[in-house]
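Working notes for the structure below.
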Amino acid sequence: MVQSTCIHDGYYETMAPDASPGLLFLKSFLPAFDSLDPTTSLEPFFAPRAPILMCNNPPIPERTRLPSLESRRQQLKEFHHEVHTAWDIDLSSQDHTTSSNANGSHNNSEVEQADTRAPYVVPSNSGILKRTVMFESTSRTIFKDDPDEFAVKVREFNILELEGHSADDLQIVEMRIFVDAKPVQARAQQLRVAYVFGEGAREAEPQ
12 MVQSTCIHDG YYETMAPDAS PGLLFLKSFL PAFDSLDPTT SLEPFFAPRA PILMCNNPPI
72 PERTRLPSLE SRRQQLKEFH HEVHTAWDID LSSQDHTTSS NANGSHNNSE VEQADTRAPY
132 VVPSNSGILK RTVMFESTSR TIFKDDPDEF AVKVREFNIL ELEGHSADDL QIVEMRIFVD
192 AKPVQARAQQ LRVAYVFGEG AREAEPQ
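If you read the sequence shown in the working numbering, its first letter stands for residue 12, the second for the next number, and so on.
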């Protein structure tokens, strides 16, 4: 089986409307994941019982995943992922698929260019689309109770395993976050804030 990989360099906001399904999923997921608005729901993006795994820690199960994110929203003033590079790997295609070079998105050497999204959507024999989306980013965190509004910046590497019956109903079946949360936790301790959901290998901004 030939796997096709679509790559986007730069901010997720600049992804083209005809980008691959996994990249478009990321473009819609990250604003919701970063949102501190309590009315923003993440449930549509996650399949039932989909875990979040952070480094070598035990998985964050469904019953505690959303409360953890809600706690983050209560504690933070600002949270945002600045994507540097994102990869969308089609795991369900049996043949060569295509990619677009628009707006910084490009394909690997085995993938031909195309003008539509149709070649991206090749279901497996089971009829389930399977994609792996990976992205490198820097996250920016500012706590509500920080009088200096000190931004803690960290590098992250995240992996989203996606499945769906079509490109429009992809959901996360597993999320893996590779991070070192110590800089964020250190800032929380300075502010005496119990921060329970740390993502990222974070480096504080130089003073």
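For every residue, glycine included, the Cβ atom is placed at its ideal position computed from N, Cα and C.
Going by CA-CA distance only, name the one from the options that's closest to residue i.
i       : options                               : result
Lys-38  : Val-195, Leu-171, Ile-139 and Pro-194 : Leu-171
Arg-151 : Glu-174, Asp-99 and Phe-90            : Phe-90
Glu-173 : Asp-159, Leu-35, Ala-27 and Asp-20    : For the sequence presented, residue 173 should be read as Leu rather than Glu. The candidate whose alpha carbon is nearest that of Leu-173 is Leu-35.
Ser-46  : Gln-86, Ala-178, His-95 and Glu-147   : Gln-86
Tyr-22  : Asp-29, His-95 and Pro-72             : His-95
Gln-182 : Asn-68, Asn-67 and Arg-142            : Arg-142
His-92  : Arg-166, Asp-180 and Ile-71           : Arg-166
Just the C-alpha distance for residue i and residue j, rounded to the nearest angstrom, thanks.
i       : j       : result
Leu-202 : Ser-103 : 47 Å
Val-204 : Ser-15  : 44 Å
Leu-81  : Pro-49  : The sequence given here has Glu at residue 81, not Leu. Going by the C-alpha atoms only, they are around 7 Å apart.
Glu-24  : Pro-194 : 27 Å
Phe-57  : Ile-63  : 10 Å
Arg-187 : Ala-27  : 25 Å
Asp-157 : Pro-55  : 32 Å
Asp-191 : Phe-40  : 22 Å
Lys-88  : Ser-148 : 19 Å
Val-184 : Met-65  : 15 Å
Asp-29  : Ala-178 : 12 Å
Asp-20  : Ala-197 : 31 Å
Phe-154 : Gly-33  : 31 Å
Gly-138 : Asp-180 : 13 Å
Asn-68  : Phe-189 : 10 Å
Below 8 Å CB to CB, which residues in the same chain sit around residue i once its five sequence neighbours on both sides are set aside?
i       : result
Glu-216 : Low per-residue confidence applies at Glu-216: pLDDT is 43, beneath 50, and the placement is therefore not dependable enough to give any value.
Met-145 : Ala-97, Trp-98, Ile-100, Phe-168, Asn-169, Ile-170 and Leu-171
Pro-70  : Pro-62, Ile-63 and Leu-64
How close, in whole Å, do the beta carbons of residue i and residue j come, if the pair is a contact with beta carbons under 8 Å?
i      : j      : result
Leu-53 : Ala-43 : 6 Å
Keeping to the same chain, check which residues put their C-beta closer than 7 Å to that of residue i; ignore five residues upstream and five downstream.
i       : result
Thr-51  : Ala-43
Asp-159 : none
Exercise. Fully enclosed by the stretch 170 to 205, which alpha helix (DSSP H) runs are 4 residues long or longer?
Worked result: Qualifying alpha helix (DSSP H) stretches, in chain order: 193 to 202.
For this session: Just list the beta strand (DSSP E) runs in the stretch 15 to 65, keeping only unbroken ones of 3 residues or longer that don't cross its boundaries, in chain order.
Result: Taking 3 residues as the minimum length, the beta strand (DSSP E) runs contained wholly in the stretch 15 to 65 are 15 to 20 and 63 to 65, in order along the chain.
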